[in-house]
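Visitor:
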Amino acid sequence: MALRARALSKRDEDLARIHSKVYESRLAAARQFEADHPRKIRNYDFKPGSLVIVRNTRFVDNAIRAKTRPRYLGPLVVVSRNRGGAYILCDLTGFLYHRPFAAFRVLPYFARTSIELPPLEQFLDVSTSRLREMEAEDDPADADEDQPAELASDEDDEEGLFLSYILDRGRSRFM
Numbered sequence: 012m013a014l015r016a017r018a019l020s021k022r023d024e025d026l027a028r029i030h031s032k033v034y035e036s037r038l039a040a041a042r043q044f045e046a047d048h049p050r051k052i053r054n055y056d057f058k059p060g061s062l063v064i065v066r067n068t069r070f071v072d073n074a075i076r077a078k079t080r081p082r083y084l085g086p087l088v089v090v091s092r093n094r095g096g097a098y099i100l101c102d103l104t105g106f107l108y109h110r111p112f113a114a115f116r117v118l119p120y121f122a123r124t125s126i127e128l129p130p131l132e133q134f135l136d137v138s139t140s141r142l143r144e145m146e147a148e149d150d151p152a153d154a155d156e157d158q159p160a161e162l163a164s165d166e167d168d169e170e171g172l173f174l175s176y177i178l179d180r181g182r183s184r185f186m
């Protein structure tokens, strides 16, 4: 009984030691991955007013007739970046997307000709208070529903429902 009591008293110390070792190994693995793959990891730091395209992750891998879907959305204009690292973007018409895009989806757009844009304050269709709220958000939202209305249709929703039905029922039954 005394041995069990001593073991229980050391439990918190053991858990803290295990947690620190696991955390250190995670950091070491991340550093090693960055060292092994320097060309794969790119940290684009887009400034406000930069032209970018966004990887369309909604239809790329898991949809019926995915090869005919647009792979990228854009060009879009960078408005700002929130605290979590996600980008707040708008169309060339000034339509501001209501959720930020995760940084891994945003890529530079190389225009063939120069595109002149008006100042962002005159360009946007939202108030500056709403923009400040979006900048204050922490989580980098991977917003798949952020695509414009002209790309979404009822057919896409039916395909999504069918696909979710297949995934819910199990792949082996349908394959």
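Per our numbering: the sequence shown = residues 12 to 186.
Backbone N, C-alpha and C define an ideal beta-carbon position, used for all residues, glycine too.
Would you say Ala64 and Gly85 are within 8 Å of each other, going by their C-beta atoms?
Guide: Rather than Ala, the amino acid found at residue 64 in this sequence is Ile. Cβ atoms of Ile64 and Gly85: closer than 8 Å.
Visitor: What number of angstroms, rounded off, separates the C-alpha of Arg120 from the C-alpha of Ala46?
Guide: Sequence inspection shows Tyr at residue 120; the Arg mentioned does not correspond to that position. Their Cα atoms are separated by approximately 27 Å.
Visitor: Could you check whether Leu100 and Leu87 sit closer than 8 Å to each other, using their CB atoms as the reference points?
Guide: Yes.
Visitor: Is the closest heavy atom of the ligand NAD to the C-beta of Pro119 under 7 Å?
Guide: Ligands in the displayed structure: none, and consequently the ligand NAD is not present.
Visitor: Pair every Cβ in the stretch 45-60 with every Cβ in the stretch 102-113, then say whether three or more of these pairs are closer than 8 Å.
Guide: No, they do not touch.
Visitor: Can you tell me whether Leu87 is helix, strand or coil according to DSSP?
Guide: Strand, per DSSP.
Visitor: Going straight from the alpha carbon of Lys32 to that of Leu135, what length do you get?
Guide: Their Cα atoms are separated by approximately 48 Å.
Visitor: Below 8 Å on the Cβ atoms is my guess for Phe112 versus Tyr98; work out the distance and round it to an integer in Å.
Guide: Right, their Cβ atoms sit about 5 Å apart.
Visitor: Among Val89, Ser36, Gln43 and Arg28, which residue has its Cα nearest to the Cα of Tyr55?
Guide: Of Val89, Ser36, Gln43 and Arg28, the residue nearest in Cα terms is Val89.
Visitor: Rounded to a whole number of angstroms, what is the C-alpha to C-alpha distance between Glu146 and Arg17?
Guide: So the alpha carbons of these two residues sit roughly 51 Å apart.
Visitor: Enumerate in chain order the residues of its own chain whose CB-to-CB distance from Val137 is below 7 Å, with the five nearest sequence positions on each side excluded.
Guide: The answer, listed in chain order, is Leu107.
Visitor: Rounded to whole angstroms, what is the Cα-Cα separation between Arg28 and Ala77?
Guide: Rounded to whole angstroms, Arg28 to Ala77 spans 48 Å at the Cα level.
Visitor: Would you call Ala163 buried or exposed, if buried means 16 or more other Cβ atoms sit within 10 Å of its Cβ?
Guide: Any reading at Ala163 is ruled out, since the residue's pLDDT is 41, under 50, leaving its predicted position unreliable.
Visitor: Over the uninterrupted beta strand (DSSP E) stretch that includes Tyr98, give me the two end residues.
Guide: Run containing Tyr98: Tyr98 to Cys101, per the beta strand (DSSP E) assignment.
Visitor: CB Asn67 to CB Arg53, shorter than 8 Å?
Guide: No.
Visitor: Could you check where the beta strand (DSSP E) with Leu118 kicks off and where it finishes?
Guide: Note, Leu118: beta strand (DSSP E), Val117 to Pro119.
Visitor: Would you decide whether Arg15 is buried or exposed? Buried here means 16 or more other CB atoms lie within 10 Å of its CB.
Guide: By the 10 Å Cβ count, Arg15 comes out exposed.
Visitor: Would you mind reading off the limits of the alpha helix (DSSP H) that contains Ile52?
Guide: Element bounds for Ile52: n/a, residue is neither H nor E.
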